[in-house]
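Per the working numbering, the sequence shown starts with residue 6, numbered consecutively.
Think of the CB as a built atom: it goes at the ideal place given N, C-alpha and C, for glycine as much as any other residue.
Keep in mind the model is a prediction, meaning the values are calculated, not measured.
Structure first, then comments.
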Amino acid sequence: MLTGYDIVYFGDNWEGVLRNRQQLMSIFARHNKVLFIERGNSLQTTISLLKKKQLHLTDLSRPLVRQISDNLFVFHEPTWAPASEKFLLGPLTGLLRRLSLRYVMRRLNIKQPIVWFYHPNWLDFIDGVPSPRLRLYHVVDEYTSFQDKTPAMKAFIEARERELSQQVDAVIVVSEKLYESKAPLHPNTYIVPNGVNYQAYSEALAKPDLPAELAGIKRPILGYSGLIGDKLELDMLKDLALKQPDWSLVFLGPVNANQKQTTWQSLCAMPNVFHFGPVGWSEVPNYVKGFDVGLMPYVQNRNSDNISPLKLYDYLAAGLPVVSLDIPAARKFRDYVYLAATPKDFESAVGQALSSISSEQQQARRAIAAQHTWEARVETLSDLILTQLTIKSEKNGFKKCKGEKSNASS
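Dropping the structure here:
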């Protein structure tokens, strides 16, 4: 495993929905110093929050950095320097954010770090970290496939992603489809899928008790864990709940349904549908273990073609039969996942999954999940990083030797 290095990770919010970046950086921080960067608000968002009284003047003085564990720190871009596209103000606040980051790095004695970007929005910080040992771009989604992106926004993202890819030492993707689109941008492109905190599910399964809200719900429980929004076939799930009133549908996670808000509200109003808001990271396995079937009702489109869903590994680690609409990530686990070719086939696939519940099948699913732990992913990434560091060192050394030889012969 990578040991003794400094890592600066340009991510998103540390709190909230648990994603691969929090999992990976938590493990890397066991043997390395990690500074995780949270994106601050734009000027427009800051003004809006102030008007709604959701942001107060006291927030302007919030600490720049907070400590999560011994070697893991989170830096939040200063509220008093919001990102802006306005002439003069934008460059000024951008400079203030970069200076704040360098100040925090000096305080934490971070030098020559491995710099890690998760989104092309961070392109402005490509030179924001002095003396980087290595630069990585970690692609976790096809960002241009999001439904809220206009053609102009998609073109902007593509241009920034192309430029970012050209300025890093390696690109990491989480799926084969992402590899197909990103490999042409950089010769050092690698696939490292997402994984699971297997130990957390083992500990949860060892405890017989369920959360009180879940314990009283009629079985079978068809469960979904994660962000709830437009990426899901909510109409299909509403139809399922209507046709099968004896099946309980449980949703665990925050809601961000813009175009499908009305459908979501009508779904939640049904007597056999239950929604629990987001719970703490450590509590998620206790809820998931209480499901009878894990659902992956993703809309079949370009977005779902490119994902590596964490919930797939979570469900398997809990020993659950999984039902998914036919997307590439689920297809890879077809021996453990019941695939529905279309939304019309989803109900039948759930029925098959319910008939497969057994201790033998549970152990088989957990056994496959055990091969995809976050620790295993960190080992793979460590090998990749060390290889890239060696290549970079040899290149720099080769150039130096050429110069020395030339001087010696003159």
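Helix, strand or coil: which one does DSSP assign to residue i?
i, result
"Leu48", "With a pLDDT of 49 at Leu48, under the threshold of 50, the modelled position of that residue is not reliable, and the figure given next carries that caveat. It is helical."
"His280", "strand"
"Phe351", "helix"
"Phe161", "helix"
"Phe338", "coil"
"Ser398", "helix"
"Val109", "helix"
"Ile119", "strand"
"Asn261", "strand"
"Gly356", "helix"
"Leu241", "Here residue 241 is Met; the residue named in the question, Leu, does not match the sequence. DSSP places Met241 in helix when its eight states are reduced to three."
"Ser364", "helix"
"Leu101", "helix"
"Asn114", "coil"
"Ala211", "coil"
"Leu23", "coil"
"Lys223", "coil"
"Asp129", "helix"
"Ala369", "helix"
"Gln249", "coil"
Short of 6 Å in beta carbon distance, which residues of its chain neighbour residue i, apart from the five on each side in sequence? Order them along the chain.
i, result
"Glu166", "Pro125"
"Asn277", "Ala246, Pro250 and Ser253"
"Leu210", "Lys294"
"Cys273", "His280"
"Lys265", "Asp235 and Leu239"
"Pro137", "Val120"
To the nearest angstrom, report how far apart residue i and residue j are at their CA atoms.
i, j, result
"Pro216", "Asn311", "33 Å"
"Met6", "Pro348", "43 Å"
"His143", "Arg371", "27 Å"
"Glu384", "Leu391", "11 Å"
"Gln270", "Pro259", "14 Å"
"Met158", "Glu168", "15 Å"
"Glu43", "Leu183", "24 Å"
"Ile32", "Glu238", "34 Å"
"Ile396", "Leu242", "50 Å"
"Phe351", "Ile12", "43 Å"
"Ala262", "Arg24", "19 Å"
"Gly9", "Leu40", "14 Å"
"Leu300", "Ala188", "31 Å"
"Leu359", "Pro225", "8 Å"
"Glu380", "Gln204", "10 Å"
"Ser363", "Asp388", "38 Å"
"Thr268", "Ala160", "31 Å"
"Leu321", "Val327", "7 Å"
"Ile131", "Pro118", "13 Å"
"Pro135", "Ser105", "13 Å"
"Asp153", "Asn401", "44 Å"
"Pro156", "Glu218", "44 Å"
"Arg103", "Tyr123", "18 Å"
"Pro177", "Pro192", "It is worth fixing the name first, because residue 177 is Ile in this sequence and not Pro. Each residue's Cα considered, the two are about 11 Å apart."
"Gln72", "Val79", "6 Å"
"Asn37", "Ile115", "11 Å"
"Pro302", "Asp244", "13 Å"
"Val70", "Val109", "7 Å"
"Ala345", "Asp214", "32 Å"
Please name the residue or residues paired with residue i in a DSSP beta bridge.
i, result
"Phe33", "Beta-bridge pairing links Phe33 to no other residue."
"Gly16", "In the DSSP output, where bridge partners are listed per residue, Gly16 has none listed."
"Gln72", "Phe78"
"Ser387", "Paired residues: none, contrary to the question."
"Asp11", "Lys38"
"Phe256", "Tyr229 and His280"
"Ser329", "Met301 and Leu344"
"Glu43", "His81"
"Gly234", "Asn261"
"Thr378", "Val201"
So does residue i have its beta carbon nearer than 6 Å to some heavy atom of the ligand ATP?
i, result
"Phe279", "With respect to the ligand ATP, the structure shown offers nothing to examine, as it has no ligands at all."
Among the residues of its own chain, which have a CB less than 7 Å from the CB of residue i, if the five just before and after it don't count?
i, result
"Arg307", "Glu147 and Ser150"
"Tyr318", "Asn199, Gly200, Val201, Ala374 and His377"
To which residues of the same chain is residue i closer than 8 Å at the C-beta, ignoring the five residues directly before and after it?
i, result
"Glu181", "Ile196 and Pro333"
"Val22", "Gly231, Leu232, Gly258, Pro259 and Pro283"
"Leu139", "Ile119, Val120, Asp174, Ala175, Ile390, Gln393, Leu394 and Lys397"
Legend entry - Entirely enclosed alpha helix (DSSP H) segments - the region 263-320, minimum 4 residues: 266-273, 289-293 and 307-310
Legend entry - Whole beta strand (DSSP E) elements within the region 132-201, 3-residue minimum: 139-144, 175-178 and 194-196
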